[in-house]
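Residue numbers (this note's numbering), protein chains in the order written: chain A, 790 to 1001; chain B, 396 to 795; chain C, -7 to 142; chain D, 54 to 170.
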Amino acid sequence: MEVKPPGLAPLPIWRDFKDLQEWETHHRRRPETGDKHSSAFEAITDGIHAFPGGFVVTAAADTFLNWARKSSVWPVTFGLACCAIEMMATFASRFDVERLGMVPWASPRHADLMIVSGTVTIKMAPMLTRIYDQMPDPKWAVSMGSCANSGGPFRHGYHVVKGVDRVIPVDVYVPGCPPPPESLLNGLLLLQEQIAHFRRTGQRAAPSAKVD
Amino acid sequence: MASRNDSLTAATPPAGAPARAIREIDYTGSERLTMNMGPQHPSSHGVFRAVLTLEGETVVGVDAVIGYLHRCHEKLGESLTYVQYPSIASKTDYVAAMTSELAYVMAAERIGAIDIPRRAQYLRVLVAELQRIASHCLWLGTWCMDMGGALGGGATIFLYCIRERELVLDLFESLVGARLLYGFHQIGGVRYDLPAGWADQCRTTIDLIEKRVVEYEEMLDENTFFQMRTQGVGVISREVAETVGISGPLLRGSGVPFDIRRADPYCSYEDFAFAVPTEEAGDCFARYRVRMAEFRQATAIVRQILDGLPEGPISSRPGVKSVVQVRIPKGETYARVEGPRGEVGCYLVSDGGPKPYRMKWRGASFSNLAVLPHIIPGHSVADVVAIMGSVDPVFGEVDR
Amino acid sequence: MHYEQARELLQSLVGTAVGGTNPIAEVTLPRDRWVSVARFARETLGCGFFAFSTAIDWQADGLEVVARVENLDAPFAVMLRTRLGPGETTCPSLVPVYRGADWMERECFDMFGITFEGHPDLRRILLDDDWQGHPLLKSYAVDTPYPPYR
Amino acid sequence: MYDYLGVLVYLLIIVGFAVVSLAAARLLRPARPWGAKHDTYECGAETVGAAWVQFPVGFYLVALVFILFDALAVFLFPWALSLRGLGGWALAVMLLFLSIVSLGWWYARREGVLEWK
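Structure follows, in C-alpha cells:
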C-alpha cells in the first residue's frame, strides 16, 4: 500500500468533508410546500378546485394576494459593507424605495425581504442565517453586489464565504461593485415581478451547491 | 465575563473635562444584565457587536467584538500586484474611497521615488477634499438618524444630508464614472482628468453645500434636545486620546491641534491655506463642531484648487498594459493620509517584486473604535448610540 | 523636544545606530528592552501618540514586531523594531505603556500567533476564537478552505 | 332605547375589525416554525447571559408615577368637554383637585424619582 508522505496530499476540496455533506442535505431538507399560505387556506383552495371552473376563483384570489404582498415588501436593514452605503442612498429621498412600498425596517420580525448588501464573512454567516431564519414566512432574499453574489473581489480571501447563496436561498442577484441605486431598484422590481406570480406551492431557489 | 470588564472599567471616568455628574446609585441587589448591541443593529454603523454589561440603564462594561467584515485585505495585499490592489484599497474605508486609495498609492510611490506631476497632485487634493465633504454628510445624516427622536422625527437630517451627498457623488460620477468606489488613483498619478464644464458644476455644488451647512447648524446648534444628548457625553481626555491613538476629528475634538495635512504635508497640501479646527471639550458636541468646521475648510480648499489648477500631464507613468508592469524596488515606508475619520496609513514593505512583501493597513476607525471601552462605562445605553455615531467608524477599515 | 535632540537621547540610551531621515527615528531593539525603551520614548521623548504596532513574517529569519509612536507637538515619530528569534513567538506587551496597543497586539496575536506577555486580555480579535492557524504567516495559503463555507 | 344603538354599532365595528384582521392573518400566513425562528432576536447573535435579572427599582418608580398621572387624565377629559355647561364652579373644584395632585408631583420630584442618573 503506497504511503503518501505528508504534505504532498492534494488540498482537500469541500466535497470530501463528511460534515459538509450532512450540512448540505440538512439545508436542502427545507419543507418546500406550504411556504405561501396556511394549510387551512390551501385545504379551502383544494376544495374549490373540486368545483368545475374553480381555478378562476383561486387564480383571482392569488393575484390579489400577490399584489398585496408585492406592493409592501419590507426590507430588513442589513448593511454589511460598501453596498450598504449604496443601499442607504437607495432608501434616501432621491432613489426612494418607499415609492415601491418598501419601508426599511430594523427588526427581522417585521420584515419580508433581506437585502444582503456586502461581503459575507465566515464569522458573519451564522448571524446572517439566524436573522434570515427569524424573519416570518413568506420571505425573500436579494443578494446585492458581487461580494454577496460570489465573494466578489475578496473571493480568494480565507475568511470570505463565496457568495451568500451558500448560506441562504437567494431570489434576485444584483450585479455591480457596488451596484448603483438604479440597478438595485431594477433588482427590486424584478423581485416584485417574481412575487407577483408567486406560484401556489411557493417553490423557491434552493441554496446552490457551487463548486470552484 | 464581568471580571474581565472590571479590568477595562478600572480606568476611572476621565477627569479634567466637566463630565456629567454621575451620582453613585446604591442599587441593592440589582444584578447586571449582559446584552448584545449586535452586528445587525440600526445604530451600529455596520457590523459591530458590543456586549454591554448593564446596571439598569447604566453601562458598566463594554466588550467590543469586531471582525465580522474581515476581508483579508492584508493577506490579499501580499498576493495582488501593485496594479491590482488599488482597486480593492478603496474598499477599506468605503465611505471615503478617494483617501483610502491614496494611502496605498503614496506608499508605493514613496518607496519607488516616483515623481507625480503637479496637476495630478492638485487633482488628488481636490477629490480628497470633495470626498471629505461627502463623508461628513453621511456621518451627520446617520448620526442624527441614530439619535432620531431628539431631532424631530428620525430621518429628517438624514434625508437632507444624503441629498447633499448625492450632489457630490454626481461630481464624482461625471469625473470618474463611479459613485462610491473609484479607481481614480494609480501609481504615478491620476487616471482621469476633469471633463469640460466640470469646474463650474463643482463651484455651484460647493456654494450650495456651504449654504446648506449653515442650515444644518441652525437646526442643530441651538436645539436643546441635541445639546442635551451630546454635551458632556463621551468625553475623551487628551491623555486617553493620545495613548489609544485616536486621530482626526476625535483627536482635534479633544484639544490636540494635530492634522497630517499640516504636520506632514503630502500631495502639495502646503500650497493651500486652511485652518485646523480644534475644540477643547472632547465630548460629542465638540466633535460635531470640529466636523462642521471641516466642511468649510474643505470647500475653501476646493475653491483654491479650482482657481489655481496647473496645466500638464496627469500621470508620470505610461498606461498600464500588464499586471506585473509596475515594479517597486526593495524598501519600506509608512505613508499616511488625513482621511475624514483620521490618520489612514499604509506601512508597505517591498522586496523588489511586482507584489509587496508586507502591507499593514492602519485604519483610522480601528484606533478610534479602540477608545470606546475606555469612555463608554458610566453612560446610559442611549449615550452609547450617540458616542458610536460621533466616533463615525467604518468597518471596512476596522476589520480590514 | 525636537527631532535632533530626541535622536541623540535615543542614541545614548540604545547604543546602536538610529536610522531614519528627518521626521522618523528608527531603532532596532533587543526583545528584553522593548518595554523600557517604549516607556522612555513616552516619558522623556514625549511621544504620547501611539500610531500602530504590527509584525512582519521574515520566514526563515523569524518574526519582527514593529511599533510606531509619535510626538504630536514637534511632529516626529519613533519606529521601534525588535526581531524575535527564528522559532520564537513571544514578545513583551506594550499595554502598560500605551492603551492603544491592546487591540493592535490582539490583532498581531490573531494574525501571526505572537503571544504578548503582560497583555490583559489576549484573544483573537478579527477571527473566530476556534479558528485554526494564523493567516498572515507566509505558510498560510490565501484561500485555505474552511468547511462548510469553503 | 334607541339612542344607545350608535354605541352598540361602534362596539361591533371595533370587535369586528380586530377579529377579522387577526383571523385573516392566521388564515393567510403560512405557519412554519422552522429553524431558529423561535429563538429570541438579539441583533443576530446568540443571547448572552440571562434576561431574568432583578431590575433596579428606578424602572418601577417611573412606571408608578406614570400610572398615577395617567389615571388622573381620565377625569380631565369629560370635565373639559362639559365645562361650558357647568360654569365657573366646576373650574374651582378641578383646580383644587389638581393642586392636591401636584402636591404628590412635587414630592416625587423632590425625591428624585424621575431623574435617572
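Every residue, glycine too, gets a C-beta built ideally from N, C-alpha and C.
C-beta contact flag for residue i and residue j at 8 Å
| i | j | result |
| --- | --- | --- |
| E450/B | R427/B | yes |
| G737/B | L645/B | yes |
| L615/B | T908/A | no |
| R682/B | S785/B | yes |
| D659/B | P15/C | yes |
| S745/B | G583/B | no |
| L72/C | L37/C | no |
| A47/C | V70/C | no |
| I782/B | G629/B | yes |
| V446/B | P434/B | no |
| L902/A | W929/A | yes |
| L535/B | C871/A | no |
CA-to-CA distance, residue j to residue i, given in whole angstroms
| i | j | result |
| --- | --- | --- |
| E675/B | V651/B | 8 Å |
| E887/A | F880/A | 7 Å |
| L76/C | D53/C | 8 Å |
| S932/A | M876/A | 12 Å |
| R598/B | A550/B | 28 Å |
| I153/D | Q107/D | 34 Å |
| V500/B | P481/B | 7 Å |
| H126/C | S861/A | 46 Å |
| R115/C | A937/A | 29 Å |
| V61/C | V793/B | 20 Å |
| T82/C | D65/C | 33 Å |
| D120/C | K912/A | 6 Å |
| F987/A | Q981/A | 10 Å |
| L917/A | K951/A | 14 Å |
| S495/B | P84/C | 32 Å |
| M(-7)/C | A93/C | 24 Å |
| E733/B | P749/B | 27 Å |
| L58/D | V72/D | 21 Å |
| F830/A | T852/A | 15 Å |
| V457/B | L767/B | 8 Å |
| L55/C | T74/C | 9 Å |
| G507/B | L889/A | 52 Å |
Residue range of the unbroken beta strand (DSSP E) whose run includes residue i
| i | result |
| --- | --- |
| E56/C | L55 to N63 |
| F669/B | No beta strand (DSSP E) holds F669/B; DSSP gives it neither H nor E. |
| T476/B | Unbroken run through T476/B: none, as it is neither H nor E. |
| W159/D | W159/D -> not in any beta strand (DSSP E); alpha helix (DSSP H) instead, spanning G141 to R163. |
| P751/B | P751 to R757 |
| L21/C | I16 to L21 |
| M614/B | Element bounds for M614/B: not the beta strand (DSSP E) but the alpha helix (DSSP H), W593 to L615. |
| A930/A | W929 to M933 |
| V10/C | Neither: V10/C is in no beta strand (DSSP E) and is coded neither H nor E. |
| S828/A | Element bounds for S828/A: not the beta strand (DSSP E) but the alpha helix (DSSP H), S828 to A839. |
| L645/B | Segment P644 to G648 is the alpha helix (DSSP H) holding L645/B; no beta strand (DSSP E) there. |
| I904/A | L902 to S906 |
Residue i: first and last residue of the uninterrupted alpha helix (DSSP H) it sits in
| i | result |
| --- | --- |
| K859/A | G843 to K859 |
| P768/B | L767 to I770 |
| C966/A | Premise fails: C966/A is in no alpha helix (DSSP H) and is neither H nor E. |
| D56/D | Per DSSP, D56/D belongs to no alpha helix (DSSP H) and is neither H nor E. |
| T879/A | C871 to F880 |
Going along the chain, which unbroken runs of the alpha helix (DSSP H) with 4 or more residues stay wholly within the region 417 to 473 of chain B?
Listed in chain order, there is nothing to give.
Which ranges would you report for the beta strand (DSSP E) in the region 25 to 99 of chain C if only whole runs of at least 3 residues count?
DSSP runs (the beta strand (DSSP E)) wholly in the region 25 to 99 of chain C: 41 to 49, 55 to 63, 68 to 75 and 82 to 84.
For the region 556 to 581 of chain B, which residues have a CB atom closer than 7 Å to at least one CB atom of chain A, in sequence order?
Of all residues in the region 556 to 581 of chain B, I557, R558, E561, R574, L575 and L576 have a Cβ within less than 7 Å of some Cβ in chain A.
Quick one, which residues of the region 26 to 58 of chain C are near chain B if we go by CB-CB under 7 Å, in chain order?
Taking 7 Å as the Cβ-Cβ cut-off against chain B, the residues of the region 26 to 58 of chain C that qualify are G40, F41, F42, A43, F44, T46 and I48.
If contact means a Cβ-Cβ distance below 8 Å, which residues of the region 437 to 451 of chain B contact chain D?
Listed in sequence order: S439, R444, V446, E450 and G451.
Uninterrupted beta strand (DSSP E) stretches inside the region 713 to 748 of chain B (no shorter than 3 residues)
DSSP runs (the beta strand (DSSP E)) wholly in the region 713 to 748 of chain B: 726 to 734 and 737 to 745.
Using a Cβ-Cβ cutoff of 7 Å, what residues of the region 72 to 102 of chain D are near chain B? List them in chain order.
Along the region 72 to 102 of chain D, going in chain order, the ones with a CB nearer than 7 Å to a CB of chain B are E95, C96, G97, A98, V101 and G102.
Using a Cβ cut-off of 9 Å, which residues of the region 911 to 932 of chain A contact any Cβ in chain D, in chain order?
The residues in question are M913, P915, M916, L917, T918, R919, I920, Y921, D922, Q923, M924, P925, D926 and P927.
Mind checking the region 111 to 130 of chain D against chain B and listing, in chain order, the residues whose C-beta falls within less than 9 Å of any C-beta there?
Per Cβ criterion, the list reads G111 and F112.
Report the residues of the region 87 to 111 of chain C with a CB closer than 7 Å to any CB of chain B, ordered along the chain.
Listed by position, the residues of the region 87 to 111 of chain C near chain B (Cβ gap below 7 Å) are Y90, R91, G92, D94 and W95.
If you scan the region 102 to 130 of chain C from start to end, which runs of the beta strand (DSSP E) of 3 or more residues do you find wholly inside it?
With a minimum length of 3 residues, the continuous beta strand (DSSP E) runs that stay inside the region 102 to 130 of chain C are 107 to 109.
Give the residues from the region 458 to 483 of chain B that approach chain A closer than 8 Å (Cβ to any Cβ), ordered along the chain.
Those would be G462, Y463, L464, H465, R466, C467, K470, L471, S474, S482 and I483, in chain order.
Chain-ordered residues of the region 483 to 494 of chain B with a beta carbon less than 7 Å from chain A:
So the close ones are I483, K486, Y489 and V490.
Which full runs of the beta strand (DSSP E) of 3+ residues lie inside the region 508 to 556 of chain B, going along the chain?
Those beta strand (DSSP E) runs which fall completely within the region 508 to 556 of chain B and span 3+ residues do not exist here.
In the region 909 to 964 of chain A, which residue ranges form an unbroken beta strand (DSSP E) of at least 3 residues, counting only runs that do not cross its ends?
For secondary structure counted as the beta strand (DSSP E) over 3 or more consecutive residues, the region 909 to 964 of chain A holds these complete runs in sequence order: 929 to 933 and 961 to 963.
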